[in-house]
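Student: Position one of the sequence shown corresponds to residue 45 (our numbering), numbered consecutively onward. A virtual CB, placed ideally from N, CA and C, is assigned to each residue, including glycine. Note that this is a predicted model, so its numbers are computed, not measured.
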Amino acid sequence: MKHIKKIIATVVLSITLLLSMTGCSGYSFYNDWHQAGADIDRSHIFISIDIDEVARKIEANETFALLYATSESQASVAVVTSLQIQAEYLGCEDKHIYFLNAANYLSTSALRKEVKEKTKIHDPMDETSDDPIIITYDQGRVDVDTSYKSKPATKKY
Numbered sequence: 045m046k047h048i049k050k051i052i053a054t055v056v057l058s059i060t061l062l063l064s065m066t067g068c069s070g071y072s073f074y075n076d077w078h079q080a081g082a083d084i085d086r087s088h089i090f091i092s093i094d095i096d097e098v099a100r101k102i103e104a105n106e107t108f109a110l111l112y113a114t115s116e117s118q119a120s121v122a123v124v125t126s127l128q129i130q131a132e133y134l135g136c137e138d139k140h141i142y143f144l145n146a147a148n149y150l151s152t153s154a155l156r157k158e159v160k161e162k163t164k165i166h167d168p169m170d171e172t173s174d175d176p177i178i179i180t181y182d183q184g185r186v187d188v189d190t191s192y193k194s195k196p197a198t199k200k201y
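1) Please state whether DSSP places Tyr181 in a helix, a strand or coil.
2) Among the candidates Phe108, Asp94 and Asn75, whose CA atom is the shortest distance from the CA of Asp33?
3) Going by C-alpha to C-alpha distance, which of Met169, Phe143, Asp170 and Cys136 sits closest to Val124?
4) Whose C-beta lies closer than 8 Å to the C-beta of Ser72 among residues of the same chain, with five residues either side of it excluded?
5) Counting only runs that start and end within the region 72-122, where is the alpha helix (DSSP H) found for 4 or more residues in a row?
6) Assuming Glu158 contacts Tyr149 (C-beta within less than 8 Å), just tell me the rounded distance between them.
7) Taking C-alpha atoms, which residue in Ala104, Asn75 and Trp77 lies nearest to Gln183?
8) How should Asn75 be labelled, buried or exposed, when 16 other C-beta atoms within 10 angstroms of its C-beta is the threshold for buried?
9) In three-state terms, what does DSSP make of Ile129?
10) Pro176 and Ser115 - do their beta-carbons sit closer together than 7 Å?
11) Tell me whether Leu155 sits in a helix, a strand or coil according to DSSP, three-state version.
12) Distance, Cα to Cα, Phe90 vs Gly81?
13) Are Asp170 and Ser117 touching if we call contact CB-CB under 7 Å?
14) Taking 7 Å as the cut-off, decide whether the C-beta atoms of His270 and Gln128 are in contact.
Here it is as structure tokens:
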């Protein structure tokens, strides 16, 4: 009888753990930014990506655009809305901008250093920054980095 109770308890615990994990299945770009005030649809142009995926794309010499921002910043909310509207206006809803959540890297200088090293962002935002950073990579090389204000390619923007 004790053996059966242990089996039942293990099954119940496993099911509970599984359900709690699926309920917290991860970050939702739409929910986060929509609640912050961004005017975007569920079928938006942004794809959430982690820092290691960014590093892999750079190493693979891919061409892509990255938004490094946090939904806690009103300037970032305005940029997300603007980018979505521009994509719709230009008929580019099939194109994507990758999103790296800056909120995960603001707490320590070591995390900001990791962002700088893995993404090649000139000056990653810190907890006092409000401006989002947009970086474009051309075959793995940084083409435009809005955190690098004095770079000639950035001055155009």
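Tutor: A quick look at the data gives this:
1) strand
2) As displayed, the chain neither begins before 45 nor continues past 201, which places residue 33 out of reach and without an answer.
3) Here the closest residue by C-alpha is Phe143.
4) none
5) 73-80 and 95-103
6) 7 Å
7) Ala104
8) exposed
9) Secondary structure at Ile129: helix, using DSSP grouped into helix, strand and coil.
10) no
11) helix
12) 16 Å
13) No.
14) This structure does not reach residue 270, given that the chain is present from 45 up to 201, and the question cannot be answered.
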